[in-house]
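Residue numbers (our numbering): 59 to 217.
Every residue gets a Cβ at the ideal spot worked out from N, C-alpha and C, and that includes glycine.
The structure appears below as structure tokens.
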């Protein structure tokens, strides 16, 4: 493609982008993820495992839409903390327990790690309901819920 054609293609693409109504490029979607970070977490914590190099905590906390989010938090032993923390998001079909094989390795490096069950996964699984489905509204809402739940996990870490 000649330089002149590339420039024309770029100008054409820019003119289309500028002609689109405001918000079409994604600004309106940020509001889907709005929530009140000061809302009470009502967290419940118990020891799930006590290993030589880390302690695995089972955590539950409140999120938006009346959801109670299950999580696992692996804390390294030794060194007084606070520890840097990794937010682990499992893949499709996974669950928070996917962090367990990583917990010792991460603890040895001096990191904590927290993992939640995404909407419709792990303890939040609902028979016959999948995150990816032909029900696009439910899928969209499930993704939004999971993003907000992950943000609430970060809020929990700040307590």
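Residue 104 carries a strand assignment under DSSP once its states are collapsed to helix, strand and coil.
Between the alpha carbons of residue 199 and residue 131 lies a distance of about 25 Å. Distance between residue 93 and residue 160, taken at the CA atoms: about 31 Å.
Taking C-alpha positions only, residue 111 is separated from residue 167 by approximately 10 Å.
Annotation: residue 87 to residue 209 spans about 16 Å, alpha carbon to alpha carbon. Cβ-Cβ separation between residue 207 and residue 125: approximately 7 Å, consistent with a contact (criterion under 8 Å).
Closest by C-alpha distance to residue 122, out of 215, 216, 211, 217, is 211. According to the DSSP secondary-structure assignment, residue 132 is paired through a beta bridge with 114, 171.
A direct Cα-Cα distance of roughly 11 Å separates residue 98 from residue 217. A residue is called buried when at least 16 other Cβ atoms come within 10 angstroms of its Cβ; residue 150 does not meet this threshold and is exposed.
8 Å or more divides the Cβ of residue 173 from the Cβ of residue 141. Annotation for residue 118: 102, 126, 128 place their beta carbon closer than 6 Å to its own, counting only its chain and skipping 5 residues before and after. Per DSSP, the continuous beta strand (DSSP E) segment holding residue 146 begins and ends at 143-146. In this structure, DSSP gives residue 183 a state outside helix and strand, which the three-state scheme calls coil. By the 16-neighbour rule on beta-carbons within 10 angstroms, residue 154 is buried.
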